[in-house]
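Heads up, the thing below is written out as structure tokens.
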Amino acid sequence: QKEVEQDPGPLSVPEGAIVSLNCTYSNSAFQYFMWYRQYSRKGPELLMYTYSSGNKEDGRFTAQVDKSSKYISLFIRDSQPSDSATYLCAMSLYNFNKFYFGSGTKLNVKP
Amino acid sequence: DAGVIQSPRHEVTEMGQEVTLRCKPISGHDYLFWYRQTMMRGLELLIYFNNNVPIDDSGMPEDRFSAKMPNASFSTLKIQPSEPRDSAVYFCASSLAGPDNQPQHFGDGTRLSIL
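Chain order of the listed sequences is A and B.
Per the working numbering, the very first residue in the first sequence carries number 165; after that it's consecutive.
Per the working numbering, the very first residue in the second sequence carries number 24; after that it's consecutive.
Rendered as structure tokens:
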């Protein structure tokens, strides 16, 4: 079993939709949770990160962590075609060093 | 601010040749990471350095792979001899520890094709 599981998609939604992206994990010791966005032929770009449980909001993006269920989510409100990319979740134990990445979910937002 | 800079962006070479990938981390960052990304295996951590010292190289696949960080602003990942299964996108990332601890920032990668 992989440490971090993520549905690869692709996920196709119309412009303006609310998007929900999710990851599950097996190691209850994970404390740091990150979301990266990766455009084609580019490196992963950090979107948001949270420590332990709870929610964090940044503009149209909201990250949620549910440690009891070992489940994290990224919500995108009012999705735009420019949000079309692959979204990677990542987790770490004690700091931002050794990351465990999900396989990524490919999102396509149609105009 | 300049981000993580990798070179070359693309490399095509024949099996058996030596390949050297280069990385310049963000100035002031004290951690540097090398990753490999493939469709089958996703993003895999190969090795990471702290203050130019290798900390964890457990992800390095074989002795054919080696990495160095001679100073705070430069690192190399070398494959010798290269094999077709080494074809992948190789990413370098850097981060800052301490009170301003932040997650890793990635370069745009080197797309490596071994024929």
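Note that beta-carbon positions come from the ideal geometry of N, C-alpha and C, so glycine has one too.
These figures come from a predicted structure and were not determined experimentally.
Hey, how far is the Cα of residue i from the Cα of residue j?
i: Ala-254(A); j: Gln-103(B); result: 30 Å
i: Lys-91(B); j: His-33(B); result: 20 Å
i: Tyr-196(A); j: Gln-244(A); result: 28 Å
i: Val-76(B); j: Gln-125(B); result: 19 Å
i: Tyr-200(A); j: Glu-209(A); result: 5 Å
i: Glu-106(B); j: Gly-65(B); result: 19 Å
i: Gln-40(B); j: Pro-93(B); result: 23 Å
i: Tyr-215(A); j: Gln-60(B); result: 26 Å
i: Glu-85(B); j: Lys-262(A); result: 19 Å
i: Asn-191(A); j: Gly-266(A); result: 13 Å
i: Gly-225(A); j: Arg-241(A); result: The question names Gly, yet the displayed sequence has Phe at residue 225(A). Distance between the alpha carbons of Phe-225(A) and Arg-241(A): 7 Å.
Between the options, which has its C-alpha nearest residue i's C-alpha?
i: Val-35(B); options: Ser-110(B), Ser-50(B), Ala-120(B); result: Ser-110(B)
i: Asn-186(A); options: Asn-261(A), Lys-274(A), Thr-250(A); result: Thr-250(A)
i: Ser-204(A); options: Arg-241(A), Leu-252(A), Asn-259(A), Ile-182(A); result: Leu-252(A)
i: Leu-68(B); options: Ile-240(A), Ser-256(A), Glu-179(A); result: Ser-256(A)
i: Lys-270(A); options: Glu-221(A), Ser-246(A), Tyr-264(A), Ala-193(A); result: Ser-246(A)
i: Ser-81(B); options: Ala-120(B), Tyr-58(B), Ser-98(B), Met-62(B); result: Tyr-58(B)
Look up residue i in the DSSP assignment and give the residues it is bridged to.
i: Asn-272(A); result: Ser-176(A)
i: Val-168(A); result: Tyr-189(A)
i: Met-63(B); result: DSSP, once it has assigned bridges, lists no residue as partnering Met-63(B).
i: Phe-56(B); result: Tyr-71(B), Ala-116(B)
i: Leu-135(B); result: Glu-34(B), Ala-111(B)
> Are the stretch 106 to 125 of chain B and the stretch 27 to 35 of chain B touching by the rule of at least three beta carbon pairs closer than 8 Å?
Replying inline: At 8 Å Cβ cutoff, the stretches touch.
> Are the stretch 97 to 111 of chain B and the stretch 35 to 46 of chain B touching by the rule of at least three beta carbon pairs closer than 8 Å?
Replying inline: Counting Cβ pairs under 8 Å, three or more are found: they touch.
>> Can you pull out the residues from the stretch 253 to 274 of chain A whose beta carbon lies closer than 8 Å to at least one beta carbon of chain B?
In response: Ala-254, Asn-259, Phe-260, Asn-261, Lys-262, Phe-263, Phe-265, Gly-266, Ser-267, Gly-268
> When Cβ atoms are compared, which residues of the stretch 63 to 83 of chain B fall closer than 7 Å to chain A?
Replying inline: Gly-65, Leu-66, Leu-68, Tyr-71, Asp-79
> Is there contact between the stretch 228 to 235 of chain A and the stretch 167 to 174 of chain A, where contact requires at least three CB pairs shorter than 8 Å?
Replying inline: Counting Cβ pairs under 8 Å, fewer than three are found: no touch.
> Along the stretch 44 to 55 of chain B, what residues have a CB closer than 7 Å to any CB found in chain A?
Replying inline: Hits within the stretch, in order: Tyr-54.
>> Beta carbons nearer than 7 Å to chain A: which residues of the stretch 79 to 112 of chain B have them?
In response: Result list: Asp-79.
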